[in-house]
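One structure is given here, and the rest of the page talks about it.
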């Protein structure tokens, strides 16, 4: 009985000794928690071939609006617009021996000067004229009168001018510059066949020398 008990004790001791000498199991390797953020988002995107790539945004273009030119004649009547344009033209390129412009702020009333043409009996004189534009201009002609007295068969003592383009032959295509040039031509070449002063026209036709002498005397007296 004692020998069997001793054998069991010895067997138990041997078993415990083997268990104590056995190597310890390897430590568990920690795995990445699902709560930790992933650093390589590019690789994860590239590794999924079925994922659609977003289309690139179109380039932004900036459009610059051109500033509209202001109309300097805005708000003016048709006649005032036409007169304003002619004023700008005659200021930049006045006709030979002539000048013209508004008397004051009234665009429809001008004053003009004409220098007596060279070679004519009016040479050396400066003649002043009044120019009045009607509201219907350019569909009606301007009214032009001489303020300076002149000895001329087509210009009377009140300064009225006998010139076809200021009457029946007026055209909206004519301008004040062209009219002034026509008046200058009338000083060089009077028209005795359509006179306002018959006596001067008769003198021009029958005694040109006396006519020219009277014209020079008047020019020196009133226009110089």
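Residue numbers (my numbering): 11 to 234.
Every residue, glycine too, gets a C-beta built ideally from N, C-alpha and C.
What you are looking at is a predicted structure, and each value in this text was computed from that prediction instead of being measured.
In the DSSP assignment, the beta strand (DSSP E) including residue 139 goes from what residue to what residue? Per DSSP, residue 139 belongs to the beta strand (DSSP E) from 136 to 142.
List the residues that DSSP assigns as beta-bridge partners of residue 122. As a beta-bridge residue in DSSP terms, residue 122 pairs with 110 and 139.
Label residue 39 either buried or exposed according to how many other C-beta atoms from any shown protein chain fall within 10 Å of its C-beta, with 16 as the threshold for buried. For residue 39, the pLDDT reaches just 49, beneath the cut-off of 50, and the residue's location in the model is therefore unreliable, although a value from the coordinates is still provided. Around the beta carbon of residue 39, fewer than 16 other beta carbons lie within 10 angstroms, which makes this residue exposed.
Residue 154, enclosing alpha helix (DSSP H) - first and last residue: Boundaries for residue 154: no alpha helix (DSSP H) harbours it, while the beta strand (DSSP E) harbouring it runs 153 to 156, taken from the DSSP string.
Where do the ends of the alpha helix (DSSP H) carrying residue 220 lie? 218 to 228 is the span of the alpha helix (DSSP H), which, as asked, contains residue 220.
Run through DSSP, which three-state label would residue 10 get? Any answer about residue 10 is impossible in this case: the structure gives the chain only from 11 up to 234.
Mapping DSSP to helix, strand and coil, what is residue 193? Reduced to three states, the DSSP call for residue 193 is helix.
How would you write the range of the alpha helix (DSSP H) that residue 100 sits in, first residue to last? Unbroken alpha helix (DSSP H) run through residue 100: 88 to 102.
Exposed or buried, which one is residue 163 when buried takes at least 16 other CB atoms within 10 Å? The C-beta of residue 163 has 16 or more other C-beta atoms within 10 Å across all chains shown, which makes the residue buried.
Candidates 156, 226 and 190: which alpha carbon is nearest residue 138's? It is 156.
Are the beta-carbon atoms of residue 147 and residue 226 separated by less than 9 Å? If you check the CB distance, residue 147 and residue 226 do not come in under 9 Å.
Residue burial classification, residue 111 (beta-carbon count within 10 angstroms, cutoff 16): Label assigned to residue 111: exposed.
Roughly how many whole angstroms lie between the Cα atoms of residue 160 and residue 211? Using only the alpha carbons, I get a separation of about 13 Å.
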